[in-house]
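Heads up: the sequence shown begins at 170 in the working numbering, then just goes up one per residue. Contents: one structure, followed by commentary.
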Amino acid sequence: MMVDRIRPRRLPPRISTPDFWPATFDRFDEILASASHCQVEHIGTSAGGRAIHGVTYRGRSGAPMVGLVGGMHGHEPQGPATCFNVISVLGYGRDLKGTAWPGIVDDLSFAIVPVLNPDARARMPNSFVGLATQDILHYDAGMTHDGRRNDAVDDDVDPSEMMILGGWYNDTGDHVNRETDPDNISAPEVAATMQFMANHRPDVVLELHAHAGAPMLIRPDAGLPEEARKRQEALCDHILAAAAREEIPFRQDVPVSDRLSTCLYHHFADSVPLLYESPQGVLDSEAAWSHEEIIDACMFVVSEVCEFVMAER
Ligand SMILES: [Zn+2]
170 MMVDRIRPRR LPPRISTPDF WPATFDRFDE ILASASHCQV EHIGTSAGGR AIHGVTYRGR
230 SGAPMVGLVG GMHGHEPQGP ATCFNVISVL GYGRDLKGTA WPGIVDDLSF AIVPVLNPDA
290 RARMPNSFVG LATQDILHYD AGMTHDGRRN DAVDDDVDPS EMMILGGWYN DTGDHVNRET
350 DPDNISAPEV AATMQFMANH RPDVVLELHA HAGAPMLIRP DAGLPEEARK RQEALCDHIL
410 AAAAREEIPF RQDVPVSDRL STCLYHHFAD SVPLLYESPQ GVLDSEAAWS HEEIIDACMF
470 VVSEVCEFVM AER
């Protein structure tokens, strides 16, 4: 069906967010430009023509490496924000609000893709803190021209049919997190990120996501051999035990998924893949957290991943 008129894409609503929650490209560029302790590479270009950056930090010689990926989904701004807070810790010993994270040691090496899907980040609000679950539902799958939530939740979409092209998609409507065939990757964002990780081969790659529930880990496991699965389970046990000590109310079960491109880090880089679902901070959820609580829990997960890879060597 032809769309009878072209509707201009509007900028998303902007919610006022704290300085330690960088969510816009001017802030991203500012932080990357001043990160002289890191190497910043242009690793690819999104479907919409935006630069995708890979950031590496070299720790001591032969150190284990942690991989971090944020911003696969545009409506999950805490992922990029966390990556930039980690970059701050590596350079200055503190995150962007001044908190020290002794577990994120500069002995370690890092390979970071702060914003995998910049097209989606550009379309999405800065934050959902203090809003409702219903507000996110207009942005994850997106909204069609008749004002309904897109119901093709596992498929690619035609952007011309969307009033709001959802945060799951790049500008050509690729559902970037449903790319699970390593020989047939169509989204340039996923291809660039996998190549970057293949070049650096982190021990673990943590992918940062968010949802309307309690903090939760997900084990992506398509094609994962037994040895990697055991390390992945041990990593989850390590994080959940630490969360219990810190009284951070994580969901105790760890769902397993074979439908996520997150699985591909093992195929391309021999890395143990792990996915963290942060709370979005919406009011009608089990974790109606503030920006500070959200970032602190994300940084806690990164810190525990760092401790785990240090202990593994
Ligand atoms: Zn997500």
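The beta-carbon is built from N, C-alpha and C at its ideal position, and this holds for glycine as well.
DSSP beta-bridge partners for residue i?
i, result
"T251", "Partner(s): none; T251 has no beta bridge."
"L214", "Note on residue identity: the sequence assigns Thr, not Leu, to residue 214. Bridge partners of T214: A220."
"R388", "V425"
"V235", "F279, V373"
"S459", "Looking at the DSSP assignment, S459 forms no beta bridge with any residue, so it has no partner."
"V209", "V224"
"T313", "M331"
"E446", "H378, M385"
"R318", "M312"
Whole angstroms is fine: what's the gap from residue i's alpha carbon to residue j's?
i, j, result
"A269", "R414", "19 Å"
"D325", "S230", "43 Å"
"P394", "R482", "20 Å"
"P187", "L285", "22 Å"
"Q247", "E396", "31 Å"
"M234", "S203", "22 Å"
"S329", "G260", "43 Å"
"E476", "A466", "15 Å"
"A438", "V373", "9 Å"
"L165", "S459", "The requested residue 165 is not part of the displayed model; the chain covers only 170 to 482."
"F189", "I464", "8 Å"
"M479", "R227", "15 Å"
"C405", "V423", "8 Å"
"F365", "M468", "23 Å"
"E402", "D264", "28 Å"
"M170", "G236", "Below a pLDDT of 50, predicted positions are generally treated as unreliable, and M170, at 46, falls in that range; the measurement from the model is reported next regardless. Using only the alpha carbons, I get a separation of about 43 Å."
"A346", "A310", "The sequence as given places Asn at residue 346; Ala does not occur at that position. Spanning the two alpha carbons is a distance of roughly 12 Å."
"L180", "R219", "16 Å"
"A456", "P294", "19 Å"
"R238", "D315", "This sequence places Val at residue 238; Arg is not what is there. Those two C-alpha atoms are separated by around 34 Å."
"M331", "G262", "44 Å"
Can you tell me which of the options puts its alpha carbon nearest to the alpha carbon of residue i?
i, options, result
"T225", "G243, V255, M241, D198", "V255"
"D427", "L444, R420, F419", "L444"
"D323", "D343, H314, T313, I333", "D343"
"V441", "I212, P371, A250", "P371"
"P389", "C252, H435, E210", "H435"
"S447", "E376, I281, G223", "E376"
"E473", "C432, P191, V274", "V274"
"R292", "A379, C432, N339, F197", "N339"
"G240", "V471, G392, D288", "D288"
"T341", "R196, E199, T214", "T214"
"Q421", "E461, L386, E462", "L386"
Using a Cβ-based criterion (distance less than 7 Å to any ligand heavy atom), does residue i qualify as near ligand 2?
i, result
"M241", "What this structure holds is ligand 1, not ligand 2."
Review point. Are three or more beta carbon pairs between the segment 352-361 and the segment 403-423 nearer than 8 Å?
Key: As far as the Cβ criterion goes, the segment 352-361 does not touch the segment 403-423, which means the pair count is below three.
Review point. Using 8 Å as the threshold, is the segment 252-272 in touch with the segment 301-311, meaning 3 or more CB pairs across them?
Key: At 8 Å Cβ cutoff, the stretches do not touch.
Exercise for review: Pick out the complete beta strand (DSSP E) segments inside the segment 274-303, 3 residues or longer, and give them in chain order.
Suggested key: DSSP assignment within the segment 274-303 yields the following whole beta strand (DSSP E) runs of 3 residues or more, N-terminal first: 278-282.
Review point. Which residue spans inside the segment 323-381 form an unbroken beta strand (DSSP E) run of at least 3?
Key: List check, beta strand (DSSP E) in window: 331-334, 373-380.
Review point. Where in the segment 391-440 do unbroken runs of the alpha helix (DSSP H), each at least 4 residues long, occur, reported from the N-terminal end onward?
Key: As summarised for the segment 391-440, the continuous alpha helix (DSSP H) elements at least 4 residues long and confined to that stretch are 395-415, 433-438, given in chain order.
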